[in-house]
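*Asks:* Residue numbers (the working numbering): 12 to 62.
The following block contains the structure, expressed as structure tokens.
Have a look at this one:
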């Protein structure tokens with residue numbers, strides 16, 4: 012299952028980066044949604060790595 016850990020975490024980091032760009036552009040609603048998905052992706056990648 013560790014084959015999926017890095018892509019999941021990378022996708023989560025990409026979502027977090029996009030959330031930051033949306034926050035800078037003062038689009039808070041989309042930034043919150045992207046940050047939630049990004050955090051979920053990073054946590055999913057960590058969970059897959061541990062299992």
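Backbone N, C-alpha and C fix where the C-beta goes; we use that ideal spot for every residue, glycine too.
As the structure is a computational prediction, the values presented were derived from the model and not from experiment.
My output table needs one value for residue 13: the three-state DSSP class, helix, strand or coil.
*Replies:* In this structure, residue 13 counts as coil in the three-state DSSP scheme.
*Asks:* Is residue 63 helix, strand or coil when you go by DSSP?
*Replies:* Any question about residue 63 goes unanswered here, given that the chain covers just 12 to 62.
*Asks:* Please identify the residue among 55, 61, 37, 42 whose C-alpha is closest to the C-alpha of residue 28.
*Replies:* Measuring from the Cα of residue 28, the nearest candidate turns out to be 42.
*Asks:* So what does DSSP say about residue 62, is it helix, strand or coil?
*Replies:* DSSP places residue 62 in coil when its eight states are reduced to three.
*Asks:* Using 7 Å as the threshold, is the C-beta distance between residue 51 and residue 20 below it?
*Replies:* No, they are not a contact pair.
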